[in-house]
Amino acid sequence: MIKHTFTHIKGIGEKQEEKLWQQGITDWQTYLTAEKPPLSNAKHAEAVAILEKSHALFEAQNWPRLCEMIPARQNWRLFHQLRESIAYLDIETTGMSIDTCEISTISIYDGRDIFTFVNGENLEEFEDAILNYNLLITFNGRSFDVPFIERFFRTRIPHAHVDLMHVLRQLGYTGGLKKIEKELGIDRRDHDLGDVSGGLAVTLWQEYQKTGNQRALDSLLAYNIADVVNLEYLMFFAHNRLVEATPFAENYRLSIPSQPEISFKVDRALVEQILDEQWKFPSADEGWGW
C-alpha cells in the first residue's frame, strides 16, 4: 500500500489522493511516467521531487525515514510491505512516570515467536533484539512505551512505528486497549486475564520483587504477552478495514493469523488474593487499565 500513497505531497489530502487513483494514477511510478502532469504545474515539480525521494528511500529500505515522510494517518500502509519484519511491542512498568519509574518487563511478538525481557534477568538483551525488526507495532507506544524505553536505556528507537491507538481511532474505536479488544470480541478471560489491569500488573511485579514468587512473575508475563499477541489481531483487522476503502483491496487483503499459545499462565489464586486486598485497601493504582 505504501507506493499508492500521495498524501505526503504538500496540498494533497485523502480526497485528492482518491481522485488521482480514479484517474489511473495509482502509484508513484504511474505518476512519474505520466505523459501529462497529473497535478497543476505549481504542484507537479514538488510532487516529482517527493515521489523520487520516496522511491529512493523505498529501494534503500530506509523505512524510518520513509515513515517520517508519510502522514501519521497513513503510516499503517507500511504494514503490508514489512509484515515479515514486525515487532509487536509492549512494556510493563513500576508506574506511569517516565522520569521516576522503571521497566519491569518487555514482550515482543514477531508473528512467529514470543520473546520476554525481565528486569534483573535479561532486560539488557532487548536493545540488540529489537534491531532484528524493521517495524514496531504498539498501542499508545508513541506517547508511552517508546519514550519510556528510550529514557530507560538512554538510547534511540529509530524504527518505523505504527501506533494502533491512532489507527483504530480512524475506524471509530476509541479508549484503552482492553476496551477495544472487548468491542472486537477478544476475551481475555480465555487466558484467566479478564480482570488483570495495568495497576494489577504493577502489584504483581512488586510481589515478585518482595517475595521472589515465580507465580507473580509468570502472571505478569502472561498479561504482558497477551498485549502483544492481541496487537497482531488488531493490526490485521485495522489494515483490512482500511484497505477495503481503497481500490486495492484485492491485492492487499490479508487473512488474520491464529493466535499462538501463551506458555506463561496466570495464577488465579494469587490474582484473587491481590484483588481482594486492593478492594479492602484501595490505592491510587486502581482504574489504571489501558
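Residue numbers (the numbering used here): 40 to 329. Even for Gly, the Cβ is constructed at its ideal location relative to N, Cα and C. Computed from a predicted structure; not experimentally measured.
Per DSSP, cross-strand counterpart(s) of residue i
{"i": "tyrosine 272", "result": "Note: tyrosine 272 sits in no beta bridge, so no partner."}
{"i": "glutamate 131", "result": "Thr144"}
{"i": "isoleucine 17", "result": "Outside the shown range of the chain (40 to 329) lies residue 17, about which nothing can therefore be said."}
{"i": "histidine 200", "result": "Leu175"}
{"i": "alanine 288", "result": "Per DSSP, none; premise fails for alanine 288."}
{"i": "alanine 126", "result": "Leu175"}
{"i": "phenylalanine 156", "result": "Ile145"}
C-beta neighbour in chain C for residue i, strict 8 angstroms
{"i": "isoleucine 169", "result": "Included in the structure is just one protein chain, with no chain C present."}
Length of the line joining the Cα atoms of residue i and residue j
{"i": "arginine 122", "j": "aspartate 315", "result": "42 angstroms"}
{"i": "tryptophan 102", "j": "histidine 198", "result": "7 angstroms"}
{"i": "serine 79", "j": "isoleucine 142", "result": "52 angstroms"}
{"i": "glutamine 113", "j": "leucine 309", "result": "43 angstroms"}
{"i": "leucine 293", "j": "arginine 116", "result": "13 angstroms"}
{"i": "glutamate 246", "j": "asparagine 161", "result": "19 angstroms"}
{"i": "aspartate 231", "j": "glutamine 312", "result": "With a pLDDT of only 47 at aspartate 231, under the threshold of 50, the placement of this residue in the model should not be trusted; the figure read from the coordinates follows. Looking at the two C-alpha atoms, the distance is approximately 14 angstroms."}
{"i": "methionine 135", "j": "lysine 249", "result": "20 angstroms"}
{"i": "lysine 214", "j": "serine 93", "result": "In the sequence under discussion, the amino acid at residue 214 is glycine, which differs from the lysine named in the question. Looking at the two C-alpha atoms, the distance is approximately 34 angstroms."}
{"i": "phenylalanine 45", "j": "proline 77", "result": "12 angstroms"}
{"i": "phenylalanine 303", "j": "arginine 254", "result": "9 angstroms"}
{"i": "arginine 190", "j": "alanine 81", "result": "44 angstroms"}
{"i": "histidine 119", "j": "valine 305", "result": "33 angstroms"}
{"i": "glycine 211", "j": "glycine 251", "result": "43 angstroms"}
{"i": "arginine 98", "j": "glutamine 68", "result": "Before going further, note that residue 98 is glutamate rather than arginine in the sequence given. Cα to Cα, the separation comes out at about 13 angstroms."}
{"i": "lysine 54", "j": "glutamine 209", "result": "15 angstroms"}
{"i": "leucine 243", "j": "leucine 223", "result": "27 angstroms"}
{"i": "glutamate 74", "j": "asparagine 290", "result": "26 angstroms"}
{"i": "leucine 256", "j": "isoleucine 51", "result": "50 angstroms"}
{"i": "tryptophan 60", "j": "histidine 83", "result": "16 angstroms"}
{"i": "phenylalanine 156", "j": "phenylalanine 192", "result": "13 angstroms"}
{"i": "threonine 139", "j": "glycine 238", "result": "16 angstroms"}
{"i": "isoleucine 147", "j": "arginine 307", "result": "24 angstroms"}
{"i": "lysine 221", "j": "glutamine 100", "result": "36 angstroms"}
{"i": "glycine 63", "j": "glycine 159", "result": "57 angstroms"}
{"i": "leucine 216", "j": "leucine 207", "result": "10 angstroms"}
{"i": "glutamate 163", "j": "serine 182", "result": "22 angstroms"}
{"i": "lysine 218", "j": "asparagine 279", "result": "20 angstroms"}
{"i": "glutamine 298", "j": "histidine 47", "result": "35 angstroms"}
C-beta contact flag for residue i and residue j at 8 angstroms
{"i": "leucine 203", "j": "alanine 277", "result": "yes"}
{"i": "isoleucine 301", "j": "valine 268", "result": "yes"}
{"i": "histidine 43", "j": "threonine 72", "result": "no"}
{"i": "threonine 132", "j": "phenylalanine 187", "result": "yes"}
{"i": "phenylalanine 165", "j": "isoleucine 137", "result": "no"}
{"i": "isoleucine 176", "j": "valine 201", "result": "yes"}
{"i": "histidine 205", "j": "alanine 111", "result": "yes"}
Presumed contact (8 angstroms Cβ cut-off) between residue i and residue j, rounded CB distance
{"i": "isoleucine 264", "j": "isoleucine 153", "result": "6 angstroms"}
{"i": "leucine 90", "j": "tyrosine 70", "result": "6 angstroms"}
{"i": "isoleucine 130", "j": "aspartate 184", "result": "5 angstroms"}
{"i": "leucine 259", "j": "alanine 240", "result": "6 angstroms"}
{"i": "glutamate 85", "j": "lysine 49", "result": "6 angstroms"}
{"i": "glycine 180", "j": "proline 296", "result": "At roughly 21 angstroms, the Cβ-Cβ gap does not stay under 8 angstroms, so glycine 180 and proline 296 are not in contact."}
Query raised in the report: Quick one: any contact between the stretch 91-110 and the stretch 266-285, if contact means 3 or more CB pairs under 8 angstroms?
Result: With fewer than three CB-CB distances shorter than 8 angstroms, the stretch 91-110 does not count as touching the stretch 266-285.
Query raised in the report: Does the stretch 190-197 touch the stretch 275-295, meaning 3 or more C-beta pairs lie closer than 8 angstroms?
Result: At 8 angstroms Cβ cutoff, the stretches do not touch.
Report task. Tell me, please, whether the stretch 170-189 touches the stretch 124-133 by the rule of three or more beta-carbon pairs shorter than 8 angstroms. Result -> By the C-beta criterion, the stretch 170-189 is judged to be in contact with the stretch 124-133, since at least 3 inter-stretch pairs fall below 8 angstroms.
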